[in-house]
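Protein chains in written order, with this note's numbering: chain F, 872 to 1442; chain A, 275 to 593.
Beta carbons: idealized from backbone N, C-alpha and C, even for Gly.
No experiment lies behind these values; they were computed from the predicted model shown.
Working notes for the structure below.
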Ligand SMILES: Cc1cc2nc3c(=O)[nH]c(=O)nc-3n(C[C@H](O)[C@H](O)[C@H](O)COP(=O)(O)OP(=O)(O)OC[C@H]3O[C@@H](n4cnc5c(N)ncnc54)[C@H](O)[C@@H]3O)c2cc1C
Ligand code: SF4
Ligand code: SF4
Ligand code: FES
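See the structure below:
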């Protein structure tokens, strides 16, 4: 058994930022299934929002309103205020730690336009902003190597909660297969998103919602799981993201007929409408037969008019992605794109200091924290604005760290029964290892991902969702008869994938369940059979609880509205 | 669709003592990346094949491996470009102990970064309320090195590392450049002194493999040249590497040729008795094998031209 005061799971922006508040004051451990620099935060391209006002008259006030509106009024407004007000300080801190930001003519941090933001608010580092931020924090973790224990390539399988108090986690060392209990006074989950359940996705293979599922299995509810963001510009068939920065810098969207179709859907913002609207517009063009290509199943992102210089200076990575992955030279040809599953708005419910909620009434799970994409605070509501999630991870990572310092200081050790926890974890793994039957993981996974993309995707309806639910139930059963082929101990990625698939099968059901119940269209949740927003019935958060019989129960929690009454959302 | 043989290095310490190659035959669909093919093998043929991957989009640095003898990123390379006589041979990256199949122990690679103190060390007095200012030109100086995704492709194919496993390696030296050239860092000179030591920047042999293999714009060799330049400009000369460069310049600019007797002695330092004694056996061996350079150096005929190049270059630097 390993013992540390604070145990952080996840080494993306949220986890590393939280750790910085704690090093030197507490014995801190970070567990991460990939090396820190390989966390998915590094893939973020376009920017991080903060009303610095370096290029125009932006204010935190405007940022707050844009975010509330962008969230389709499902965001909790007090949390949004905190995020937007803290934003400038969070960015200046990163600059001081050495983050290489692109600069304006006055040598300040450069900022550009992004969908749904009414000012040029996205601070950036060319088109690899997440990479620049993540490596800056990774550098700081190396600086503090003596005070911060990083367990890289350790996979957390279980969260230990007993009598409402979080006490640790169980994890295994991927390199050797060794299983260990990690005992802590406080635990922070910063385990990232769950977009991998979709066939077409911009998410890393690692984004399999492990943290949220582990929390759910330990009795923690999950909030707003039905809200999955689709990004309009995924590389055709790969799903790989072409950042919204491409449109921020002036790129057009064209349908198969060569028309800039956004003029029909968001005439004032055009391509810079918020993501949910642009994704639905692209999907509608495809669904109504105005797509491009032999199957008319994609549309175009056109960057040709930006010119070589701007393309290479501002969007070099995007240029290379199109060239390397589908062989399209964006200087000469428009790039084929389709909507791709991108961001998880839902997750582990937490208060404004990242303390995890035990129920819809506001009771807490003592000693358990969540920050970043795995959490649902909720600052993004039904639809996250681009560049607000790196910000979420930084601001709430920092807040989680500060609150953890306070709580850990005043907390005693709650005992852990090591044998019992190890046995429970072993049993879970053994069930996977010793499964016998003729089913195979690969087809189960691909059937799940296709179901999610085509039945619970950009557009949804009651029939499709009902079929998806049935299918997932069937897949869960079949999974029990899918043997794990690799029974070894050393770097057994087959076992990792098997655990991940178990997670995806569990949380996908909750995405679909929440979506079936929510009979309205709000933000990223768009139902063809209930096409309008219904504030009287549905201005509330979904909370899914695991029941004793292994099923789930949905309950609801009101949205915190402080200053902005819901209005119709027009762009 | 063309059928291709993937000849993959296999090793599982749980089961076998020696490594081996295993062939998998896969038909290449158009447009697939090497990582797509490996996933197809793992998911449809042999789930025990192990390798690292995460982002699938050339940004996380997980999927470096050796293909046909050279390191590259599996997720960003089209498989069709790699076929040689119907075969793609895949090995784990080099200069690193293999743990299993294509997975290597990366601790030495990460350890090298720690040697260069890879974090900003600003002047504590430089602490404005908002951001510190930096010009676009200053940003450009660190633009290349900050693109490193820590994939270790350069480390894999570095020739110096092959003979000296304490060498810092290309990526860590590029990381050092990133701080040495950052207008916000206050420890330029200390950093230069530190990485001028044995196994540091002067131990690179200029083979250029790192820059050829690097999947991003870092191009480590170019960064190493920049830090060497900075060391010369800052007068960080008290080490063999810098003395070697100076001696090299001295003899070439004087005689138009390299004086191979002078350079090593000057590099070690005229007053460094121990260091000079260490050179003796090498010199003797060379003498016995008749590989020693002529004792009395001769020059070339048009030395003037060579000197002109040097003075031109000096002017150019000043501009
Ligand atoms: C392609 C792409 C582009 C994006 N661009 C932008 C953008 O421009 N602006 C913006 O604001 N947002 C962007 N986002 C979203 C943003 O990047 C993420 O929301 C954010 O980085 C999440 O950070 P995080 O710290 O919460 O999690 P992550 O960075 O995803 O880190 C998760 C961590 O948890 C660890 N982990 C997970 N499961 C386990 C387990 N079982 N055991 C141990 N460790 C585990 C992982 O190892 C990892 O370290 C983008 C997202 C994608 C996919
Ligand atoms: S140029 Fe230097 S650092 Fe690069 S591979 Fe060759 S020896 Fe190694
Ligand atoms: S310098 Fe290039 S090859 Fe080396 S680790 Fe960095 S990105 Fe990879
Ligand atoms: S999988 Fe991330 S770089 Fe290839």
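Taking a contact to require three or more Cβ pairs closer than 8 angstroms, the stretch 999–1017 of chain F and the stretch 938–952 of chain F do not qualify as touching. The beta carbon of residue 1269 (chain F) lies closer than 6 angstroms to those of 888 in the same chain, with the five residues before and after it left out. For ligand 4, no non-hydrogen atom lies closer than 7 angstroms to the CB of residue 424 (chain A). Residue state for residue 1312 (chain F) is assigned as helix, using DSSP reduced to three classes. Counting only Cβ-Cβ distances below 7 angstroms, residue 1362 (chain F) has contacts in chain A at 324, 373, 374, 377, in chain order. In the three-state scheme derived from DSSP, where H, G and I count as helix and E and B as strand, residue 492 (chain A) is classed as coil. For the pair residue 1428 (chain F) and residue 1086 (chain F), the Cα-to-Cα distance works out to about 19 angstroms. For the set A:376, A:322, A:393, the Cα lying nearest the Cα of residue 348 (chain A) is the one of A:376. Listed in chain order, the non-local C-beta contacts of residue 1347 (chain F) below 6 angstroms within the same chain comprise 1376, local neighbours out to five positions each way being set aside.
Think of a sphere of 9 angstroms around the beta carbon of residue 1196 (chain F): the chain A residues whose beta carbon falls inside it are 305, 307, 331, 332, 349, 350, 352, in chain order.
Of the heavy atoms belonging to ligand 1, at least one sits nearer than 7 angstroms to the Cβ of residue 1259 (chain F). About 7 angstroms separates the beta carbon of residue 1240 (chain F) from that of residue 1057 (chain F), a gap short enough to meet the 8 angstroms contact definition.
Residue environment analysis places residue 1126 (chain F) among the buried positions, since at least 16 neighbouring C-beta atoms fall within 10 angstroms of its C-beta. Residue 476 (chain A) carries a helical assignment under DSSP once its states are collapsed to helix, strand and coil.
If the five residues before and after residue 447 (chain A) are omitted, its C-beta is found closer than 8 angstroms to the C-beta atoms of 390, 469, 474, 475, 478, 494, 497, 498, 501, all from its own chain and listed in chain order. Three or more beta-carbon pairs separated by less than 8 angstroms link the stretch 1101–1121 of chain F to the stretch 979–996 of chain F, which places the two stretches in contact.
Comparing alpha-carbon positions, the option among F:1403, F:1283, F:1053 lying closest to residue 1289 (chain F) turns out to be F:1053. For the stretch 449–461 of chain A, the residues whose beta carbon sits under 9 angstroms from a beta carbon of chain F are, in order, 449, 452, 453, 456, 458, 459. Using a Cβ distance threshold of 8 angstroms, residue 1207 (chain F) and residue 420 (chain A) do not count as a contacting pair. Sequence-distant partners of residue 1385 (chain F) (beyond 5 residues in either direction) whose C-beta falls short of 6 angstroms from its own C-beta, in its chain, are 1096, 1097, 1413. Beyond the five residues adjoining it in sequence on each side, residue 297 (chain A) comes within less than 6 angstroms, by CB distance, of 279, 281 in the same chain, given in chain order. Taking one beta carbon from each stretch, the stretch 902–921 of chain F and the stretch 395–402 of chain A have fewer than 3 pairs nearer than 8 angstroms; the two do not touch.
Interface with chain A (8 angstroms Cβ-Cβ cutoff): residue 1111 (chain F) is included. Chain-ordered, the chain A residues with CB closer than 7 angstroms to the CB of residue 968 (chain F) read 394. DSSP places residue 1007 (chain F) in the uninterrupted alpha helix (DSSP H) bounded by 1000–1014. When Cβ pairs closer than 8 angstroms are counted between the two stretches, the stretch 1175–1195 of chain F is seen not to touch the stretch 1135–1145 of chain F, the count staying below three. In this chain, residue 1339 (chain F) is not harboured by any beta strand (DSSP E); it is covered by the alpha helix (DSSP H) spanning 1333–1350. DSSP lists A:294 as the beta-bridge partner residues of residue 284 (chain A). Between ligand 3 and residue 390 (chain A), a heavy atom-to-CB distance of less than 7 angstroms is absent.
Cα atoms of residue 1396 (chain F) and residue 1205 (chain F): separation of roughly 29 angstroms, rounded to the nearest angstrom. The beta carbon of residue 286 (chain A) is closer than 6 angstroms to those of 374 in its chain, skipping five residues each way along the sequence. Out of F:1400, F:1032, F:1171, the CA that lies nearest to the CA of residue 1335 (chain F) is found in F:1400. Closest by C-alpha distance to residue 486 (chain A), out of A:581, A:352, A:586, A:430, is A:430.
Taking C-beta atoms as the reference points, residue 331 (chain A) and residue 914 (chain F) count as a pair closer than 8 angstroms. Across the structure, residue 1277 (chain F) and residue 354 (chain A) are spaced so that their CA atoms are roughly 56 angstroms apart.
Proximity of the beta carbon of residue 339 (chain A) to ligand 4 is not indicated: no heavy atom of the ligand is located closer than 7 angstroms.
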